[in-house]
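Listed in order, the protein sequences are those of chains A and B. Residues in the first sequence are numbered from 1 upward in steps of one, following full-length UniProt numbering. Residues in the second sequence are numbered from 1 upward in steps of one, following full-length UniProt numbering. The beta carbon of each residue, even a glycine, is placed where N, CA and C say it ideally should be. See below for the structure under consideration.
Number of protein chains: 2
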Amino acid sequence: MNSFAVNSRPATDDQAASPEQALLSAVRPEAAGAPESGIVEVFNYGRGRQGLIPLWVGEGDMPTPSFIQDAATRSLAAGETFYTYQRGLPELRDAISRYMSRVYGQALPAERFFVTIGGMHALQMAIRVAAGAGDEVLIPSPAWPNFLGAVGIGGAVPVEVPMAVDPVRNRWSLDVERLAAAVTPRTKLIIVNSPANPTGWTATREELEAILALARRHGLWIIADEIYGRFVFDGSERAPSFHDIMAEDDRIIFVQTFSKNWAMTGWRIGWLECHPALGQVIENLMQYSCSGVPAFIQRAAIAALEQGEGFVQHQIERVRRGRDIICSGLAATGKVEFADPAGAFYLFFSIKGEQDTRRAALRLVDEANVGIAPGTAFGVGGERYFRLCFARRAEDIQEAARRLAAAV
Amino acid sequence: MNSFAVNSRPATDDQAASPEQALLSAVRPEAAGAPESGIVEVFNYGRGRQGLIPLWVGEGDMPTPSFIQDAATRSLAAGETFYTYQRGLPELRDAISRYMSRVYGQALPAERFFVTIGGMHALQMAIRVAAGAGDEVLIPSPAWPNFLGAVGIGGAVPVEVPMAVDPVRNRWSLDVERLAAAVTPRTKLIIVNSPANPTGWTATREELEAILALARRHGLWIIADEIYGRFVFDGSERAPSFHDIMAEDDRIIFVQTFSKNWAMTGWRIGWLECHPALGQVIENLMQYSCSGVPAFIQRAAIAALEQGEGFVQHQIERVRRGRDIICSGLAATGKVEFADPAGAFYLFFSIKGEQDTRRAALRLVDEANVGIAPGTAFGVGGERYFRLCFARRAEDIQEAARRLAAAV
Numbered sequence: 001m002n003s004f005a006v007n008s009r010p011a012t013d014d015q016a017a018s019p020e021q022a023l024l025s026a027v028r029p030e031a032a033g034a035p036e037s038g039i040v041e042v043f044n045y046g047r048g049r050q051g052l053i054p055l056w057v058g059e060g061d062m063p064t065p066s067f068i069q070d071a072a073t074r075s076l077a078a079g080e081t082f083y084t085y086q087r088g089l090p091e092l093r094d095a096i097s098r099y100m101s102r103v104y105g106q107a108l109p110a111e112r113f114f115v116t117i118g119g120m121h122a123l124q125m126a127i128r129v130a131a132g133a134g135d136e137v138l139i140p141s142p143a144w145p146n147f148l149g150a151v152g153i154g155g156a157v158p159v160e161v162p163m164a165v166d167p168v169r170n171r172w173s174l175d176v177e178r179l180a181a182a183v184t185p186r187t188k189l190i191i192v193n194s195p196a197n198p199t200g201w202t203a204t205r206e207e208l209e210a211i212l213a214l215a216r217r218h219g220l221w222i223i224a225d226e227i228y229g230r231f232v233f234d235g236s237e238r239a240p241s242f243h244d245i246m247a248e249d250d251r252i253i254f255v256q257t258f259s260k261n262w263a264m265t266g267w268r269i270g271w272l273e274c275h276p277a278l279g280q281v282i283e284n285l286m287q288y289s290c291s292g293v294p295a296f297i298q299r300a301a302i303a304a305l306e307q308g309e310g311f312v313q314h315q316i317e318r319v320r321r322g323r324d325i326i327c328s329g330l331a332a333t334g335k336v337e338f339a340d341p342a343g344a345f346y347l348f349f350s351i352k353g354e355q356d357t358r359r360a361a362l363r364l365v366d367e368a369n370v371g372i373a374p375g376t377a378f379g380v381g382g383e384r385y386f387r388l389c390f391a392r393r394a395e396d397i398q399e400a401a402r403r404l405a406a407a408v
Numbered sequence: 001m002n003s004f005a006v007n008s009r010p011a012t013d014d015q016a017a018s019p020e021q022a023l024l025s026a027v028r029p030e031a032a033g034a035p036e037s038g039i040v041e042v043f044n045y046g047r048g049r050q051g052l053i054p055l056w057v058g059e060g061d062m063p064t065p066s067f068i069q070d071a072a073t074r075s076l077a078a079g080e081t082f083y084t085y086q087r088g089l090p091e092l093r094d095a096i097s098r099y100m101s102r103v104y105g106q107a108l109p110a111e112r113f114f115v116t117i118g119g120m121h122a123l124q125m126a127i128r129v130a131a132g133a134g135d136e137v138l139i140p141s142p143a144w145p146n147f148l149g150a151v152g153i154g155g156a157v158p159v160e161v162p163m164a165v166d167p168v169r170n171r172w173s174l175d176v177e178r179l180a181a182a183v184t185p186r187t188k189l190i191i192v193n194s195p196a197n198p199t200g201w202t203a204t205r206e207e208l209e210a211i212l213a214l215a216r217r218h219g220l221w222i223i224a225d226e227i228y229g230r231f232v233f234d235g236s237e238r239a240p241s242f243h244d245i246m247a248e249d250d251r252i253i254f255v256q257t258f259s260k261n262w263a264m265t266g267w268r269i270g271w272l273e274c275h276p277a278l279g280q281v282i283e284n285l286m287q288y289s290c291s292g293v294p295a296f297i298q299r300a301a302i303a304a305l306e307q308g309e310g311f312v313q314h315q316i317e318r319v320r321r322g323r324d325i326i327c328s329g330l331a332a333t334g335k336v337e338f339a340d341p342a343g344a345f346y347l348f349f350s351i352k353g354e355q356d357t358r359r360a361a362l363r364l365v366d367e368a369n370v371g372i373a374p375g376t377a378f379g380v381g382g383e384r385y386f387r388l389c390f391a392r393r394a395e396d397i398q399e400a401a402r403r404l405a406a407a408v
């Protein structure tokens, strides 16, 4: 279950070890034990196939809009090629503050926001604040594999807490009692991803309140990954958020990214949000990890926030349409089962009678020419499932649904 | 001496603690104990002053050449805005291989090179391979403060080994016996920065051989920071390198950056070099820290390597001239002492009678309108010194020398 529980160092005094084995044996166990992405195997198998529809990665099909690119180009032409603020350009922190205050309906000052090299880097720094060697971290599972990876590399122990499908609502749901039962004296952190990759689970306000109460009771940190917060399917503007219920001094760190809303996966820019009292700690973690984010990329991010609302709305509309197409297309086969995703842009589904999803994902590359991720990549409770990303133009999703229906 | 030896957590049950103190008290000690950059205080004090000559940061005054910028712009226009290879674009890894093979006069295959978010990110990943909680890391000192910062955040204990000025050669020098004496059963890694920031120490081939022999004897890793390798002042093409003496299976990881040679500090791109057997480990560390480097920035880096040799030569020439001007200008005062820097682009000097260099650096902002870094920022043995960067146009260096001479 837990890749980090295994000490992968072979004996260093093994006379028969090759030079390569000897080198690997000297690698720190946290680094050596980091799991390889379970998506990459299928990706490498199918990469470059003619006509393949790639739904394996969490990425849409639209390139970054040109008004965002233009801002980067202008910044470069103006010579913004030097070191910059470790916490982010003041203009970008202001723009994030305005955006977040608008979306979450409250004043969130610029001092709360720290620009990062994408959401992953924000997550890495947040984990360093909250947990390290000897600590345990609760992760509702199935989950984005990078949570497990980053926690383990940081020396802490990831503890997966299985989620389940609520048969009445046909939705994934988190049993907060079960989460509470997993708390030990070593627990320091809960990672809450809502709306969730890969399941689409979207916590209700009541669920968030129960999680926060648990965290307060035990003095735990929460890392809130709400990056899919605007991709919800119940007609509301956004998903419930810890912003709606938290007090100023709660131990909550938010991680965010420009990747999804503004089609900027390849730009590697995001932000971390926390109480301003942690500002110097975050600045130091930034200094000693990546030493800032390129200024010209930050200019592009400002353009995204200030001129990108129409584009975000367009993306959300596309994702809603993709969801409808794939859900109805696969449900019609009678051989595919899934809980309706309440948020994010993934369908997490099983195929009746299909147990070995890793092998099946490889087979579907050959037989359907569709790339999907095996559920084995997403940890405990994901083994029977597949994940596909429906943030793509309707024609592709329609065709993928047709091909998958024919193959199952 | 060592910021990480201090547990900075206040008591968590202190009833009088403010909400801010309570939050800070819950931060992991490795993160809370990370030292603030000692350069930033002076930088913030002098930032924005009219006419100030800024020599405090390790950065030249030239913006990135336009042929490098153009490559990024073209890539953006071509829609390279998606996720990319975790190890780096194959074309860039090939270009790095060709560049390094040429400079170091041996075949260094592309599989050895991994593209990173700058040299700092390469260093962070290298440390994660080599050392963690409970390990000790030897760092010859005075040193670039980020070595100490990154080691401490990673949970290992930095052990500073003082260097000294050899009075005969008037050069900084590393006593390898002293380094050997600092090795304990917990030692896992030596960080070797040559040519060195801030001292200009440039290891001879014999010194590198002695360090490598020590590492082999004890099974230690070496992180080799040779980013200033082309900035040397004895007429040779480059500094001696571990590349000249190492065997294939030596535990050496190189960290590199595009920042200095190609004036790309603000682009945040560099590389890590190691035995290809570590490839999957490095890929995983990349995945769970920054998840790749923007493709359009990698295209700029390819242009730098393939068309940038003339620019690098120009930079080196400028740096040599800056060194001559500042050394002769300050020596003429009779009140300034320094060992001639053998490499890199810093002068590390003391002012006779000046003990409190932190306060003096602030005073020199007021009295000379020149920004320099206090030696206190560079750890054990640096306290009496100041560092200035002479990678700047001759007119500025001339004027800075004049103003400093007047003020001391």
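{"query": "Using a Cβ-Cβ cut-off of less than 8 Å, give me the residues of the region 210-230 of chain B that come near chain A, in sequence order.", "result": "G219, W221"}
{"query": "Tell me which residue opens and which closes the beta strand (DSSP E) that B/C290 is part of.", "result": "B/C290 -> no beta strand (DSSP E), and no H or E assigned at all."}
{"query": "What does a CB cutoff of less than 8 Å around B/D244 pick up in its chain, not counting 5 residues either side in sequence?", "result": "Y104, R205, L208"}
{"query": "What does B/V281 reach in chain A if we use C-beta pairs closer than 8 Å?", "result": "L24, V27, A31, A32, A34"}
{"query": "Distance, Cα to Cα, B/F390 vs A/T199?", "result": "55 Å"}
{"query": "Near A/A247, what residues of its chain come up, given a Cβ to Cβ distance below 7 Å and the 5 sequence neighbours on each side ignored?", "result": "none"}
{"query": "Closer than 8 Å by beta-carbon distance: list the chain B residues that pair up with A/R128, in chain order.", "result": "R28, E30, A31, I153"}
{"query": "Is DSSP giving A/E226 helix, strand or coil here?", "result": "coil"}
{"query": "May I ask you to report which of helix, strand or coil DSSP gives B/L189?", "result": "strand"}
{"query": "Does the count of Cβ pairs from the region 286-303 of chain B and the region 255-273 of chain B closer than 8 Å reach three?", "result": "yes"}
{"query": "Compare the C-alpha of residue 430 of chain A against each of A/I53, A/P54, A/L89, A/F43 and name the closest.", "result": "The question about residue 430 of chain A has no answer here: the residues shown for chain A are numbered 1 through 408."}
{"query": "Closest to B/P185 by CA distance: which of B/L364, B/A131, B/F43 is it?", "result": "B/A131"}
{"query": "Under 8 Å, Cβ to Cβ, is there at least one residue of chain A near B/R268?", "result": "yes"}
{"query": "Taking the alpha carbon of A/A71 as the point to measure from, which residue in B/R102, B/E30, B/A32, B/A77 has its own alpha carbon closest?", "result": "B/A77"}
{"query": "Check this for me: beta carbons of A/A34 and B/N284, under 8 Å apart or not?", "result": "yes"}
{"query": "Rank A/E317, A/V137, A/L364 by C-alpha distance to the C-alpha of residue 415 of chain A and give the top, closest one.", "result": "Any answer about residue 415 of chain A is impossible in this case: the structure gives chain A only from 1 up to 408."}
{"query": "Apply the 10 Å Cβ neighbour rule to A/Q313 and answer buried if 16 or more other Cβ atoms are within range, or exposed otherwise.", "result": "exposed"}
{"query": "Any idea what DSSP makes of A/E367, helix, strand or coil?", "result": "helix"}
{"query": "At the 8 Å Cβ level, is B/S173 part of the contact set with chain A, yes or no?", "result": "no"}
{"query": "Thinking C-alpha only, which one of B/L212, B/A143, B/F345 is nearest B/I326?", "result": "B/F345"}
{"query": "Please work out which residues of its chain come closer than 8 Å, Cβ to Cβ, to B/V380, disregarding the five sequence neighbours upstream and downstream, and give them in chain order.", "result": "M1, S141, P142, E160, P162"}
{"query": "So B/L189 and B/D250 are supposed to be a Cβ contact under 8 Å. How far apart are they, rounded?", "result": "With 8 Å as the limit, B/L189 and B/D250 do not qualify as a contact, their Cβ atoms being about 13 Å apart."}
{"query": "Using DSSP with H/G/I as helix, E/B as strand and the rest coil, what is A/C389?", "result": "strand"}
{"query": "Under a three-way DSSP split, which group does B/V255 fall into?", "result": "strand"}
{"query": "Is it true that the CB of A/Q287 sits closer than 8 Å to the CB of A/G270?", "result": "no"}
{"query": "Taking only three categories from DSSP, how would you classify A/A331?", "result": "helix"}
{"query": "Between A/G149 and chain B, is any beta-carbon pair separated by less than 8 Å?", "result": "yes"}
{"query": "Taking the C-alpha atoms as reference points, what is the distance between B/L52 and B/N369?", "result": "5 Å"}
{"query": "Which residues, in chain order, does the region 243-256 of chain A contribute to contact with chain B at a C-beta distance below 7 Å?", "result": "E248, D249, R251"}
{"query": "In angstroms, rounded to a whole number, what distance separates the CA positions of B/D13 and B/Q21?", "result": "In this predicted model, B/D13 has a pLDDT of only 49, less than 50, meaning its place in the structure is not dependable; the value taken from the coordinates is given anyway. Straight-line Cα distance between these residues: approximately 11 Å."}
{"query": "Quick one: does A/F113 have its CB under 8 Å from some CB of chain B?", "result": "no"}
{"query": "DSSP state of A/A22, grouped into three classes?", "result": "helix"}
{"query": "If I measure Cβ to Cβ from A/R9 and keep anything under 7 Å in the same chain, skipping five residues before and after, which residues do I get?", "result": "A caution first: A/R9 carries a pLDDT of 41, below 50, which makes its placement in the model unreliable, though a value can still be read off. Around A/R9: S25, P29, A32."}
{"query": "Assess, as a yes-or-no matter, whether the region 54-68 of chain A is touched by the region 36-44 of chain A under the definition of 3 or more beta carbon pairs within less than 8 Å.", "result": "yes"}
{"query": "Quick one: what's got a C-beta closer than 6 Å to B/H218's C-beta in the same chain, skipping five residues either side?", "result": "V183"}
{"query": "Can you tell me whether DSSP reads A/G270 as helix, strand or coil?", "result": "strand"}
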